[in-house]
Amino acid sequence: MKELIGKADVLIEALPYIQKFRNSIMVVKFGGSAMEDPGLVESTMRDVVLLEAIGIRPIVVHGGGKAISAELRKQDIPVRFVNGLRYTCEKTIKIVDDVLHNQVNAALVRLGNENGGKMIGLSGKGILHAVRTKSVDPVTCERQDVGFVGEISAVNVAPIMEALEAGLTPVVTPLGVGIDGQVYNINADIAACKIAEAIHARKLVFLSDVPGVLADCENPDSVIPTIRTDEIDGLVLRKVLSGGMLPKIKSCVEALNSGINKVHLIDGRINHTLLLEIFTDHGVGTQIVRPDSVM
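Number 287 in the UniProt record's numbering belongs to position 287 of the sequence shown; there are no gaps in the numbering.
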């Protein structure tokens with residue numbers, strides 16, 4: 001009986017959050033090693049189905065880097081990164097497009113629908129307008145060619161809104177198209193941020209390979225629950241924020257400045273981490289908020 005009462009307590013704890021977020025748009029960026037674990041993928045997509053069922057309107061933006069690298073190696077094409085960006089030649093961009101759409105996106109949509117969801121795959125090519133970009137060397141500050149890697153110049157929200165209004169959850173690939181029709185590989189974190197900004201999402205949630213922002217990088221239990229944007233410079237000076245976390249944090253701040261209420265960084269390697277972060281009092285990751293945010 002105690003176990004049953006405990007389950008009821010969990011539901012009651014979630015109730016105010018369910019009421020608060022009903023009809024809200026939430027963008028979920030799904031990436032990292034969790035995408036290689038079938039159990040974690042199913043756990044995440046079931047979480048998204050639950051969001052649907054209680055009246056939240058989720059949008060999923062996904063990565064697929066490991067699947068892309070595996071396919072490139074299979075076809076004897078070198079896997080090369082320049083300052084963290086995948087060098088994307090003409091052959092590579094075709095493989096990126098195929099893997100993201102026909103393998104990763106199709107699998108996520110199928111899994112969501114098999115678990116009772118109403119999901120639809122959308123290519124970023126119909127949503128993200130892009131221009132070719134270059135990588136900047138952090139030491140020399142020289143701009144280096146990375147091939148068909150794009151920077152988002154505009155977002156067409158119409159396909160996403162049409163899906164949401166039809167009661168469907170959009171699952172979006174991080175691809176963009178230039179005015180000349182050239183397809184570009186887009187960083188999935190940035191794609192999620194720009195879509196969240198354009199769609200005026202209430203929340204943006206990143207599922208990745210870190211528990212959140214750690215006060216001590218050697219201690220995975222030292223997650224900082226809440227960070228205000230006016231605290232970020234101090235955290236950078238103290239090296240709490242560094243390396244690959246910096247561009248993600250920069251994107252988070254831009255999203256918050258555009259009007260998004262909160263951005264969450266959570267560990268995608270934990271089962272049902274999305275539900276634990278959104279529907280429990282303490283959460284499991286780091287939420288980033290504006291200084292004037294009502295907690």
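No residue lacks a Cβ here, since even glycine has one placed at the ideal position from N, Cα and C.
Roughly how many angstroms separate the alpha carbons of Pro225 and Gln182, rounded to a whole number? Position 225 of the sequence shown, counted from the start, is the residue given in the question as residue 225. Position 182 of the sequence shown, counted from the start, is the residue given in the question as residue 182. Distance between the alpha carbons of Pro225 and Gln182: 41 Å.
Is His101 helix, strand or coil when you go by DSSP? One-based indexing of the sequence shown puts residue 101 at position 101. His101 falls in the helix class under three-state DSSP.
By the three-class DSSP mapping on this structure, what secondary structure does Ile249 have? Looking up residue 249 in the sequence shown gives position 249. Ile249: helix per DSSP, three-state reduction.
Say whether the stretch 71-79 touches the stretch 20-28, bearing in mind that this needs 3 or more beta-carbon pairs closer than 8 Å, one atom from each stretch. no
Let me check understanding here. Comparing Cα to Cα, which of Tyr87, Ile54, Ile120 and Gly55 lies closest to Ser69? The residue you call residue 69 lines up with position 69 of the sequence shown. Answer by Cα proximity: Tyr87.
Is there contact between the stretch 104-115 and the stretch 144-152, where contact requires at least three CB pairs shorter than 8 Å? no
Using a Cβ-Cβ cutoff of less than 7 Å, which residues in the same chain neighbour Thr133 once the five nearest sequence positions on both sides are dropped? One-based indexing of the sequence shown puts residue 133 at position 133. Once the five neighbours on either side are set aside, the close Cβ partners of Thr133 are Val149, Gly150 and Glu151.
Tell me which same chain residues have a C-beta within less than 6 Å of the C-beta of Val205, skipping the five on either side of it? Your numbering for residue 205 matches position 205 in the sequence shown. Only Val28 and His264 meet the Cβ criterion.
Which residues does DSSP list as the beta-bridge partners of Leu256? Translated into the one-based positions of the sequence shown, residue 256 becomes position 256. According to DSSP, Leu256 bridges with nothing at all.
Between Leu274 and the rest of its own chain, which residues show a CB-CB distance below 6 Å, the 5 nearest in sequence each way excluded? Against the sequence shown, residue 274 aligns to sequence position 274. Result list for Leu274: Asp47, in chain order.
What is the DSSP secondary structure of Asp47, reduced to helix, strand or coil? Taking the first residue of the sequence shown as 1, we reach residue 47 at position 47. DSSP places Asp47 in helix when its eight states are reduced to three.
Nearest candidate by alpha-carbon position, reference Asp98, set Val60, Asp209 and Tyr184: Numbered from its first residue, the sequence shown carries residue 98 at position 98. For the residues Val60, Asp209 and Tyr184, the minimum Cα distance to Asp98 belongs to Tyr184.
Taking the alpha-carbon positions, what's the residue 302 to Ile95 distance? The first residue shown for the chain is 1 and the last is 295, placing residue 302 beyond what the model contains.
Can you tell me the Cβ-Cβ gap for Ser43 and His272, rounded? I've got them flagged as a contact below 8 Å. In the sequence shown, counting from the first residue as 1, residue 43 sits at position 43. In the sequence shown, counting from the first residue as 1, residue 272 sits at position 272. With a Cβ gap of about 6 Å, Ser43 and His272 count as contacting.
For Gln287, list the residues DSSP reports as bridge partners. Locating residue 287 in the sequence shown gives position 287, counting from the first residue. In the DSSP output, where bridge partners are listed per residue, Gln287 has Thr226 and His264.
Provide the residue(s) that pair with Ile25 in DSSP beta bridges, ordered along the chain. Translated into positions along the sequence shown, residue 25 becomes position 25. BP columns for Ile25 point to Arg57.
In this structure, does DSSP put Ile199 in helix, strand or coil? As a first step, residue 199 is located in the sequence shown; it is residue number 199 there, counting from the start. Here Ile199 sits in helix by DSSP.
Spatially closest choice to Ile260 from Met161, Ile199 and Lys91, by CA coordinates: Numbered from 1 along the sequence shown, position 260 holds the residue referred to as residue 260. It is Ile199.
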